[in-house]
Amino acid sequence: DSGVTQTPKHLITATGQRVTLRCSPRSGDLSVYWYQQSLDQGLQFLIQYYNGEERAKGNILERFSAQQFPDLHSELNLSSLELGDSALYFCASSRWGAGTYEQYFGPGTRLTVT
Amino acid sequence: EDKVVQSPLSLVVHEGDTVTLNCSYEVTNFRSLLWYKQEKKAPTFLFMLTSSGIEKKSGRLSSILDKKELSSILNITATQTGDSAIYLCAGGDNQGGKLIFGQGTELSVKP
Chain U
1 DSGVTQTPKH LITATGQRVT LRCSPRSGDL SVYWYQQSLD QGLQFLIQYY
51 NGEERAKGNI LERFSAQQFP DLHSELNLSS LELGDSALYF CASSRWGAGT
101 YEQYFGPGTR LTVT
Chain H
115 EDKVVQSPLS LVVHEGDTVT LNCSYEVTNF RSLLWYKQEK KAPTFLFMLT
165 SSGIEKKSGR LSSILDKKEL SSILNITATQ TGDSAIYLCA GGDNQGGKLI
215 FGQGTELSVK P
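So the protein lines, in turn, are chains U and H.
Numbered according to this note's numbering, the first sequence spans residues 1 to 114.
Numbered according to this note's numbering, the second sequence spans residues 115 to 225.
Right, here's the structure in full:
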């Protein structure tokens, strides 16, 4: 158990809908990273927050957004869902926001768009 | 564009064999190379390497970074069936620290 929690574990929804994925980092970690894992693309970085501020962005679609709250938990919002958004979404956390340090991954949320 | 490439993509060995997994990277403002093990769930952290030529070891697993060759290897000695997993390599920068992952090497250890 990495100490990172994610809810829900599974989500099944229809195209065009909007969902919110939630992540709580390990105690003491200030950075939260969101990754998407699909069979064809592998594990892809989406976005990073550090202590409430956006720090880095990957190839995140405009339909996707995230935020980190004062208690450091983070939410990833996915809207106007398409079939291709079906994937495993991981959240990871680390202690720092600059430079690369160990990132610990949560159990993931499996999103299925039908 | 930043890129991490792993080889081989898949490998089948028998228990007791030694395996070497390869990772090459092109990461702007590179700082660290990380290895993870993924068994049908979340990736679990194995090693982080920042200095060239210094081996990191944990039990039967070891890894080393070669900054001149922009590469790293992960060695697993005396493999066990429990080592069957996908091994992911990722390059990290000295900015925010996002990780660029390779495609992974799927290792299958047969009894």
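Think of the CB as a built atom: it goes at the ideal place given N, C-alpha and C, for glycine as much as any other residue.
Residue interval of the beta strand (DSSP E) (run including residue i)
i: T158/H; result: T158 to L163
i: V127/H; result: S124 to H128
i: S166/H; result: Careful: S166/H lies outside any beta strand (DSSP E) and carries neither H nor E.
i: E54/U; result: E53 to K57
i: W149/H; result: F144 to Q152
i: Q209/H; result: It is not in any beta strand (DSSP E) - Q209/H carries neither H nor E in the DSSP assignment.
i: L11/U; result: H10 to T13
i: R22/U; result: V19 to S24
i: V118/H; result: K117 to S121
i: S176/H; result: L175 to D180
i: Q190/H; result: The sequence shown places Ile at residue 190/H, rather than the Gln named in the question. From DSSP, the beta strand (DSSP E) with I190/H extends over S185 to I190.
i: L213/H; result: L213 to F215
Alpha-carbon spacing of residue i relative to residue j, whole angstroms
i: T134/H; j: P70/U; result: 44 Å
i: E53/U; j: S65/U; result: 13 Å
i: L61/U; j: T13/U; result: 18 Å
i: N59/U; j: F45/U; result: 7 Å
i: L179/H; j: L188/H; result: 9 Å
i: S172/H; j: G196/H; result: 15 Å
i: H128/H; j: T193/H; result: 7 Å
i: V19/U; j: P25/U; result: 20 Å
i: L78/U; j: Q37/U; result: 15 Å
i: Y201/H; j: L147/H; result: 13 Å
i: F105/U; j: F90/U; result: 7 Å
i: Q48/U; j: R110/U; result: 20 Å
Neighbour flag for residue i against chain U, beta carbons, 8 Å
i: K155/H; result: yes
i: G218/H; result: yes
Minimum Cβ-Cβ distance from residue i to chain H less than 8 Å
i: Q36/U; result: no
i: S2/U; result: yes
i: S31/U; result: yes
i: S94/U; result: yes
Coil, strand or helix - residue i by DSSP
i: G42/U; result: strand
i: T195/H; result: helix
i: L72/U; result: coil
i: D131/H; result: coil
i: L83/U; result: helix
i: Y89/U; result: strand
i: V113/U; result: strand
i: A224/H; result: Per the sequence shown, residue 224/H should be read as Lys rather than Ala. It is a strand residue.
i: Y101/U; result: coil
i: G205/H; result: strand
i: E140/H; result: strand
i: S172/H; result: strand
i: W34/U; result: strand
### Task
Residues of the stretch 100-113 of chain U with a CB closer than 7 Å to any CB of chain B: list them in chain order, please.
Looking for chain B here will not work: the only protein chains present are U and H.
### Task
Mind checking the stretch 183-216 of chain H against chain U and listing, in chain order, the residues whose C-beta falls within less than 9 Å of any C-beta there?
L202, A204, G205, G206, D207, N208, Q209, G210, G211, K212, L213, I214, F215 and G216
### Message
Please identify, using Cβ separations under 8 Å, the residues of the stretch 39-58 of chain U that lie next to chain H, in order along the chain.
### Response
G42, L43, Q44, F45, Q48, Y50, R55, A56 and G58
### Query
At a Cβ cut of 7 Å, what residues of the stretch 62-92 of chain U count as close to chain H, listed as they run along the chain?
F90
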